[in-house]
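What follows is a short report on a single structure.
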Amino acid sequence: MTKLKDLPGKKVAVIAVPFTFAGAPLCPLEQVSIETLRFISYLKAGGKKVSFINMRSKERFLWKTRKGGLRSGADISMGICSRPQEFLKTELLKDRPGEVLLWCDLPFSPYTFDLDVIASLKKTCLEALPSARVRVGGAFWDIFPGGAERAGFELFSAEKGAADGCRPDFGAAAGEDYGLFQLSKGCSNSCSFCVAGRSRPVKFDNAETLRWLRQLAAAGIKDFWNWDENVLMFPDHLEDFLDRYLKSGIDGTLNFSLGFQPDRIKDSLIRKLAGARIGTLTIPFETGTSAAFRKVGKPYTIITSIKRVHELNRLAKKAVKRLHCSFIIGYPHDDLRSIFRIYLAILRLRAIPIPFPLYLFPGTAEYKENAAALKAKGVTGLHGQLWPLVPEARLPEYQGLIKFLSIDNLQRARGNTALLSARLLAAFRAELRVNDAFVDLCLAAEDESAEELEKIEGKLAPASFRKQRVLHISASPRPAGTSVSKDLGEYFCGNYARAFPDCEVTRLDLAGEPMGFINAEYTDFIAHRLEFFALSARTKRLVALTDKYIPLLRRADRIVISTPMYTLSIPAVLKAFFELVASRLFYELNDKLEPRKICCVLSRDGMYGEAGEMHSVQEDSLSTALQFIGLKGEVRFVCAQGLGIGRAAVLPAAKKELLRQVAWFHEELPGRAR
Numbered sequence: 067m068t069k070l071k072d073l074p075g076k077k078v079a080v081i082a083v084p085f086t087f088a089g090a091p092l093c094p095l096e097q098v099s100i101e102t103l104r105f106i107s108y109l110k111a112g113g114k115k116v117s118f119i120n121m122r123s124k125e126r127f128l129w130k131t132r133k134g135g136l137r138s139g140a141d142i143s144m145g146i147c148s149r150p151q152e153f154l155k156t157e158l159l160k161d162r163p164g165e166v167l168l169w170c171d172l173p174f175s176p177y178t179f180d181l182d183v184i185a186s187l188k189k190t191c192l193e194a195l196p197s198a199r200v201r202v203g204g205a206f207w208d209i210f211p212g213g214a215e216r217a218g219f220e221l222f223s224a225e226k227g228a229a230d231g232c233r234p235d236f237g238a239a240a241g242e243d244y245g246l247f248q249l250s251k252g253c254s255n256s257c258s259f260c261v262a263g264r265s266r267p268v269k270f271d272n273a274e275t276l277r278w279l280r281q282l283a284a285a286g287i288k289d290f291w292n293w294d295e296n297v298l299m300f301p302d303h304l305e306d307f308l309d310r311y312l313k314s315g316i317d318g319t320l321n322f323s324l325g326f327q328p329d330r331i332k333d334s335l336i337r338k339l340a341g342a343r344i345g346t347l348t349i350p351f352e353t354g355t356s357a358a359f360r361k362v363g364k365p366y367t368i369i370t371s372i373k374r375v376h377e378l379n380r381l382a383k384k385a386v387k388r389l390h391c392s393f394i395i396g397y398p399h400d401d402l403r404s405i406f407r408i409y410l411a412i413l414r415l416r417a418i419p420i421p422f423p424l425y426l427f428p429g430t431a432e433y434k435e436n437a438a439a440l441k442a443k444g445v446t447g448l449h450g451q452l453w454p455l456v457p458e459a460r461l462p463e464y465q466g467l468i469k470f471l472s473i474d475n476l477q478r479a480r481g482n483t484a485l486l487s488a489r490l491l492a493a494f495r496a497e498l499r500v501n502d503a504f505v506d507l508c509l510a511a512e513d514e515s516a517e518e519l520e521k522i523e524g525k526l527a528p529a530s531f532r533k534q535r536v537l538h539i540s541a542s543p544r545p546a547g548t549s550v551s552k553d554l555g556e557y558f559c560g561n562y563a564r565a566f567p568d569c570e571v572t573r574l575d576l577a578g579e580p581m582g583f584i585n586a587e588y589t590d591f592i593a594h595r596l597e598f599f600a601l602s603a604r605t606k607r608l609v610a611l612t613d614k615y616i617p618l619l620r621r622a623d624r625i626v627i628s629t630p631m632y633t634l635s636i637p638a639v640l641k642a643f644f645e646l647v648a649s650r651l652f653y654e655l656n657d658k659l660e661p662r663k664i665c666c667v668l669s670r671d672g673m674y675g676e677a678g679e680m681h682s683v684q685e686d687s688l689s690t691a692l693q694f695i696g697l698k699g700e701v702r703f704v705c706a707q708g709l710g711i712g713r714a715a716v717l718p719a720a721k722k723e724l725l726r727q728v729a730w731f732h733e734e735l736p737g738r739a740r
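Sequential numbering from 67 applies to the sequence shown in our numbering.
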């Protein structure tokens with residue numbers, strides 16, 4: 067352990083060591099950590115003159131080829147987010163410090179450092195200042211005890227927690243376009259892959275945090291980032307911070323990037339988030355099955371994550387610009403169905419999937435379990451984007467998989483299945499068949515335990531035998547037995563169910579729904595100008611209707627719409643239905659539904675052949691509405707017209723035509739898996 071007095075020189079340079087990456091950076095790698103800024107204050111309090119040199123940059127350069135895979139037999143190109151070495155020389159020569167600390171902090175807990183990068187920086191420092199003492203330090207080396215010495219570096223390690231009481235020196239990061247804030251450090255969880263649980267949880271003074279945020283805001287900073295390992299380690303502390311922040315009048319955007327532990331998110335917290343401006347908020351998912359949950363050791367299941375993301379989207383959608391959902395791949399025990407279950411659930415919840423490859427750290431359960439395979443890799447070889455536990459033969463598959471899992475839209479994902487191997491594609495399609503039902507069961511679950519998750523899994527298995535779902539939407543205000551369109555729709559559904567017993571029919575009778583028309587408040591809500599909390603009871607009912615209708619349409623494999631003609635078109639209740647669904651999808655969710663086979667059963671009193679088409683917009687109204695919301699795959703119209711003239715001849719012909727459509731209705735749309 068090195069104490070401050072062991073830094074004999076008055077001048078000290080602290081250099082933020084840059085990160086390497088493969089493919090694409092998974093975080094804003096130019097940022098430093100607030101722990102580094104506290105450490106600089108700690109040095110200054112000890113009488114040192116400190117210069118800070120941030121070698122991290124938004125600029126990306128090709129670094130070198132590294133060996134990846136389980137046996138380190140594959141070549142993977144690595145990049146680096148770094149300023150040039152000449153910049154470092156120039157900065158060092160300004161103050162000519164006698165002590166240089168190559169600081170390896172961890173603002174992003176998944177990342178490891180490349181030892182060759184550190185060695186290259188050390189060489190540059192000694193070229194500029196041959197007599198300087200160059201050492202390494204930072205939280206990274208606490209994770210790899212003895213790693214510095216084995217790599218040939220001299221280690222500076224301050225007393226544990228020595229800098230916690232120091233105010234961050236934001237002057238050291240002057241000129242950056244972001245601010246940093248810290249509410250707590252450490253974690254009490256013991257997850258199989260994470261090292262945060264080694265640190266005793268500590269919380270920092272919220273009043274002091276707000277004071278420096280005000281100063282940063284006064285200097286023109288608008289973007290504030292939090293990288294606490296578990297910002298919900300102390301839930302009441304976070305709520306107190308938000309209370310103070312909302313009262314402060316600071317015009318800024320808060321970013322929480324390392325995850326809100328979902329089982330600690332309360333309604334009161336969501337309400338406070340809804341009052342702020344949130345740039346990034348991350349909810350971890352991690353596991354999609356009960357078996358994976360027990361393996362990883364998280365204190366919450368996917369049920370919890372799904373419910374909290376649903377609530378955040380419902381109650382704080384205006385406030386949160388980017389709702390990220392993180393999960394990890396690259397375990398030896400990867401469950402492909404679990405991975406795709408997580409991914410599709412995130413897309414269904416209108417969040418952004420953030421897949422991370424597994425990063426490994428000594429002392430964690432995952433490292434201990436695979437220690438024999440990892441022993442020869444060294445620090446650099448544990449970088450997640452080198453896939454340290456994936457067999458070389460599987461590397462192309464995983465590289466394609468992580469690209470696929472980064473697609474944030476189901477329609478685009480369907481168009482990029484070429485990224486998936488045959489076995490991955492089979493797992494994706496199998497999960498696609500049941501995922502809507504899985505999410506619905508999670509949202510309706512009585513509790514969020516592993517046992518409840520097992521019950522849900524039991525209801526979904528075997529997935530390949532899920533019944534086909536038929537949705538019958540009827541728009542007639544008249545009851546069954548007195549409505550021709552409704553009765554013909556039921557006639558078709560009944561015959562279809564008899565012909566294909568593997569289907570289940572869900573009925574949505576719009577005449578029995580508390581339907582309303584769009585009002586001004588609703589338009590403000592879907593345009594993200596009003597939060598749900600601020601809506602009137604009437605408008606909340608409209609939102610609740612769309613929360614019901616959109617999942618019904620999304621889950622349906624086939625749709626039957628039965629409607630009479632009213633004033634040469636469709637009834638107002640059906641228009642209101644389409645308006646509610648279309649406006650919510652288009653303006654708020656920026657989404658469309660998937661194409662379906664749809665049978666429209668129409669009735670009208672008059673005869674509207676070719677000569678009368680100009681007087682009837684019934685078919686056109688339905689076609690346009692279905693096209694707009696994305697449902698129009700194949701649509702067929704069966705019309706019982708001339709009812710005012712005589713039903714005896716009309717109804718048998720309509721029923722005969724409906725029977726002819728049964729076989730067509732059962733066929734799959736080209737390219738669509740059920």
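Even glycine gets a Cβ: it sits at the ideal position worked out from N, Cα and C. Keep in mind it's a predicted model, so treat the numbers as computed, not measured.
Thr346 has its alpha-carbon roughly 34 Å from the corresponding atom of Gly213. In the three-state scheme derived from DSSP, where H, G and I count as helix and E and B as strand, His538 is classed as strand. Annotated as proximal: Leu279 and Phe247, with beta-carbon spacing under 7 Å. Per the C-alpha coordinates, the member of Ala706, Asp613, Val609, Phe644 positioned closest to Pro630 is Ala706. When the alpha-carbon of Trp207 is set against those of Gly582, Val445, Glu458, Gly286, the nearest one is in Val445.
Nearest Cα to Ser472 within the set Trp453, Phe422, Glu723, Asp182: Phe422. Here Ala385 is near Leu339, since their CB atoms are less than 7 Å apart. Each of Asp590, Leu554, Ile539, Thr633 was checked against the Cα of Tyr615, and the nearest Cα belongs to Ile539. Separation of His594 and Lys383 (C-alpha to C-alpha, rounded to the nearest whole angstrom) is 7 Å. DSSP, reduced to helix, strand and coil, places Ser117 within a strand of the structure shown. Phe290 places its beta carbon less than 7 Å from that of Gly318. Cys508 carries a helical assignment under DSSP once its states are collapsed to helix, strand and coil. In terms of CA proximity to Ala610, Ile584 leads the group Ile625, Ile584, Arg621, Val626. The residue from Leu308, Lys373, Glu274, Phe731 with its alpha-carbon nearest to that of Glu512 is Lys373.
Excluding residues up to 5 positions away in sequence, Thr86, Met144, Gly145, Ile146 lie with their Cβ nearer than 6 Å to the Cβ of Trp129 in the same chain.
Burial of His449 is indicated by the presence of at least 16 other C-beta atoms within 10 angstroms of its C-beta. Nearest neighbour of Gly696 by Cα position, chosen from Lys658, Val716, Leu725, turns out to be Lys658.
Here the region 99-116 lies against the region 239-253, with 3 or more beta-carbon pairs under 8 Å apart. Counting only the Cα atoms, Phe210 lies some 11 Å from Phe179. Annotation: Asp329 to Val500 spans about 25 Å, alpha carbon to alpha carbon.
Fewer than three Cβ pairs drawn from the region 648-656 and the region 569-576 lie within less than 8 Å of each other, which leaves the two stretches out of contact.
When only Cα atoms are considered, Arg201 and Leu486 end up about 45 Å apart.
Between Leu298 and Phe259, the C-beta gap is not smaller than 7 Å, which leaves the two residues out of contact. DSSP places Ala140 inside the beta strand (DSSP E), whose first and last residues are 140-148. DSSP places Thr353 in no beta strand (DSSP E); its state is neither H nor E.
In the three-state reduction of the DSSP assignment, Phe326 falls in the coil class, being assigned neither a helical nor a strand state. The closest CA to that of Val78, considering only Leu167, Lys124, Thr156, is found on Leu167.
When DSSP states are grouped into helix, strand and coil, Tyr244 belongs to the coil group. The C-beta distance from Val704 to Leu724 rounds to 5 Å, short enough to meet the 8 Å contact threshold. Looking from the CA of Ala111, the closest CA among Pro234, Ala720, Pro365 belongs to Pro234.
In this chain, the alpha helix (DSSP H) harbouring Arg620 covers 603-621. Counting along the chain, Asp208 sits inside the alpha helix (DSSP H) bounded by residues 205-209. Between Leu381 and Phe598, the gap from beta carbon to beta carbon is short of 7 Å.
The C-beta of Thr156 has fewer than 16 other C-beta atoms within 10 Å across all chains shown, which makes the residue exposed.
By the criterion of a C-beta distance shorter than 7 Å, Arg388 is surrounded in its chain by Gly345, Thr346, Ile418, once the five residues flanking it on both sides are discounted. Annotated three-state conformation of Ile106 is helix, per DSSP.
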